[in-house]
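Shown next, in structure tokens, is the structure this report addresses.
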Amino acid sequence: SKNPNTHANLSGIHVFGLNATDVEKEREKKNHSHSFKPFNMLSESMKTKRSRSFSIHMDTIFQNETLNFYNSSDQPVLQEIRFNVQNKNYLANYCDKNEEKENQRIDAFTKVIDQGPISRDAYRNLAALQPELPRDRVILNARKRINEEMSQKIPISILNIKHTPLASTINEAPDIEDQEIVEEVLQYIGKAGDGRNVGRKVKHVMVTCTILDDILNIHRADFHYTTILYPGVENYETLQNVMEPMISELHNLVINGLIDPNGTKWKIEPYFSSDWKFMAIILGFNAANANYFCPWCMCTKKDIGNRDKIHKIEKNMNQIQSSKPPPGHLKAPLLPMIPLDHYVPDELHVMLRIWDRMWALVIQELKSENRFDDNIRRIISVEMQRISVRFHFWQDHDTQSWSYTSLMGGDKEIVLQNFNFEVLFNIERANLINQLWRDFYVLYKSMKEPETDSALFAIQAKKWLDLFLTPYQGEPNTISFKKGLYRPKDITPYMHVLINHIPEFIKLHGHFGLAAFSCAGVEKKNHDQVSAFFRKTMKDGGKGIERKSAIFEILYYENRFMYFTQQSTFDSVLKPQYFQI
């Protein structure tokens, strides 16, 4: 059309045919489609630029459209969008970058990986499947940052152990029935120790601490904190060396207390609990098979089965530290700041070792009657299967002697409760043995409870001992003869403790319950550490730098656990609602 503001007589559009129909169509087509170069022909920077522009445009559209779907008070926020262009994935994040929240998120992932535990290779594979997960390098840097921060608060120091044998042949029976672990456990408020076999020849010894007042967490493995870890064996000289700084610090805590950041002064009351061997080492005392075998009283092997004698805690730490200590105390105690009546027997080991003795007596009786044959072994295995306990016999090729499954504590409790000895003995004798085992189980459960009456427990324990020592009646090989149970010489040091001293400890420390002094949490900790830190190249405890690495990784892990208990890391996020469009 002609421009109305010009004086020209002709229209250029008409003269040159620019108003032709075909030209109009091309003009409209060009106006409606801006031609873009194909995505795969762009450089990487241009791909990013175009996708970013598209994402910004989508944010604008979102802001313009929200009022068509939501109330203004709903405050809808576009957080992210995902899209794919020619098999290339994009994720646009619209939230403002908050470094503090991002660090909390990374800490949360680090905590989960630590406490899983999730191996580095496994996490890499997960991150490859889920790209939104933090990269492995990010987790590694977070661990390094936390390690450095915690090392300022809880330094990890190296102590040179001179003339300490790192390898030895392990001949003794394990204290905790685990094929991977040989455990001796020392536990007291603030400190605990244990030795375990992480391979065929190498042992590692651990000293940990825990808080008895933390009733909710006292049985959790991660709340037994490692303070000392070294390769070697548990003996007096080595422990005296490695524990020296800790002994000094513990002495100071007992004398001066602990002042927290708020200025509150806390009184520290230390306790000690362990298996017999470790306790004897710490007290500088005889072994359990010595004449004077008891750390608390003056009982001798001769009097261990004398029911007429009453044995009480009659020694104290001042006597043990004197120039003329009671018989059996050969060396100075390593932890003299802990009163002797605070050296509490581990209830778990009491049960394990008495169970071992009673089971050995059953097997011994079958052998003495020449009945320990394939049929009896089959009957025992079937009865164990009935009560859901995995148990097998096997014969050693060299000695031809028969061995059997070493049961864990939980399985031993099941046997105490449910094994029916009628499958092995006549009804009269089986009833005696069944009662002995069931009554011991009742004692074991009772000793762990905080509300147990010490006087009543003492009566029940004495009755159990009377049952254990049920005498023979009548003349052998006569119709009136009745077979009894066991002899005074069959009584073990752990039985002596159960009958004579456990009632005293219940009275003294029953407000905790003796279960608070159990080594079960440390046993679990040992198993977790063996599984997590002594696998593959650590099969035999590692060599050189590998061994050092495993030990340091355990201690760093402990520090990170302390970090996570102090920091406000989140354990979960709100799960979004998913739509399939």
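First residue of the sequence shown? That's 1171 in my numbering, and the numbers climb one at a time after it.
Glycine residues also receive a C-beta, built at the ideal position from the N, C-alpha and C atoms.
Tell whether a beta-carbon distance below 7 Å holds between residue i and residue j.
i     : j     : result
M1528 : P1509 : no
I1326 : L1725 : yes
I1474 : H1671 : no
L1668 : D1511 : no
V1375 : E1404 : yes
R1730 : D1284 : yes
I1557 : N1588 : yes
F1627 : I1550 : no
T1396 : T1378 : yes
A1262 : S1223 : no
A1600 : F1591 : yes
F1209 : Q1256 : yes
P1506 : Q1491 : yes
W1466 : I1480 : no
F1561 : R1547 : no
Y1264 : D1306 : no
E1723 : F1703 : yes
V1552 : I1584 : no
Y1656 : L1531 : yes
L1382 : A1686 : yes
D1215 : Y1260 : Correcting the residue identity first, residue 1215 is Ser in this sequence and not Asp. Their beta carbons are not under 7 Å apart, which means S1215 does not touch Y1260 by this criterion.
P1497 : K1485 : no
P1673 : S1742 : no
Short of 6 Å in beta carbon distance, which residues of its chain neighbour residue i, apart from the five on each side in sequence? Order them along the chain.
i     : result
Y1664 : V1520, R1523 and I1524
Y1513 : F1442
Q1643 : K1652
G1714 : No answer about G1714 holds up, because its pLDDT of 48 lies below 50 and its placement is not dependable.
K1435 : G1427 and I1429
E1342 : Any reading at E1342 must be qualified, since the residue scores a pLDDT of 41, below 50, and its modelled position is unreliable; no value is offered.
E1350 : Bear in mind that a pLDDT of 35 at E1350, under 50, signals an unreliable position, so the model cannot answer this.
P1304 : I1276 and F1279
A1458 : W1446 and P1663
Y1574 : F1563
S1418 : none
Leaving aside the five residues before and after residue i along the sequence, list all residues of the same chain whose C-beta is less than 7 Å from its C-beta, in chain order.
i     : result
T1470 : N1461 and Y1462
Q1727 : Residue identity check: residue 1727 is Tyr in the sequence provided, not Gln. Excluding positions up to five away in sequence, the list reads D1284.
L1299 : none
V1308 : I1276
L1518 : G1579, S1688, C1689 and A1690
T1334 : Only weak support exists for where T1334 lies, its pLDDT of 49 falling under 50; the value from the coordinates is given anyway. Excluding residues within five positions, the ones whose Cβ falls inside 7 Å are G1402 and T1408.
T1622 : S1616, I1676 and G1680
A1312 : I1276, D1277 and T1280
L1602 : T1640 and L1655
M1449 : P1465 and Y1513
Report back the beta-carbon spacing between residue i and residue j to the nearest angstrom; my notes put them in contact at under 8 Å.
i     : j     : result
D1836 : S1688 : As displayed, the chain neither begins before 1171 nor continues past 1751, which places residue 1836 out of reach and without an answer.
P1503 : L1453 : 5 Å
I1152 : M1732 : As displayed, the chain neither begins before 1171 nor continues past 1751, which places residue 1152 out of reach and without an answer.
L1639 : P1658 : 6 Å
G1739 : Q1274 : Note that residue 1739 corresponds to Thr in the displayed sequence, not to Gly. About 6 Å; that satisfies the 8 Å criterion.
I1398 : V1412 : 6 Å
P1133 : L1420 : Look at the range of the chain in this structure, 1171 to 1751, and you will see that residue 1133 is not part of it.
L1409 : I1438 : About 21 Å separates the two Cβ atoms, so there is no contact after all.
Whose C-beta lies closer than 8 Å to the C-beta of residue i among residues of the same chain, with five residues either side of it excluded?
i     : result
E1319 : Y1733
S1571 : Q1565
L1500 : G1454, F1455 and N1456
G1691 : T1380, I1388, H1389, R1390, A1391, F1393 and H1394
P1646 : none
H1681 : P1620
S1243 : none
If we cut at 7 Å on Cβ distances, does residue i have a partner in chain C?
i     : result
K1633 : Of the protein chains in this structure there is only one, and it is not chain C.
Spell out a yes or no on whether the segment 1632-1645 and the segment 1606-1613 are touching, meaning 3 or more CB-CB pairs, one atom from each, closer than 8 Å. yes
At a cut of 8 Å, does the segment 1235-1251 reach the segment 1275-1288 through at least three beta carbon pairs? no
List in chain order: all unbroken alpha helix (DSSP H) runs of 4+ residues lying wholly within the segment 1199-1243. 1214-1235
Can you give, in chain order, each stretch of the alpha helix (DSSP H) that sits fully within the segment 1419-1471 and has at least 4 residues? 1446-1453
How about the segment 1386-1399 and the segment 1692-1704: do they share at least three Cβ pairs that are nearer than 8 Å? yes
Whole alpha helix (DSSP H) runs in the segment 1507-1552 with 4 or more residues, listed along the chain? 1517-1538
Enumerated in chain order, which unbroken segments of the alpha helix (DSSP H) with a length of 4 residues or greater are wholly contained in the segment 1584-1656? 1597-1618 and 1624-1638
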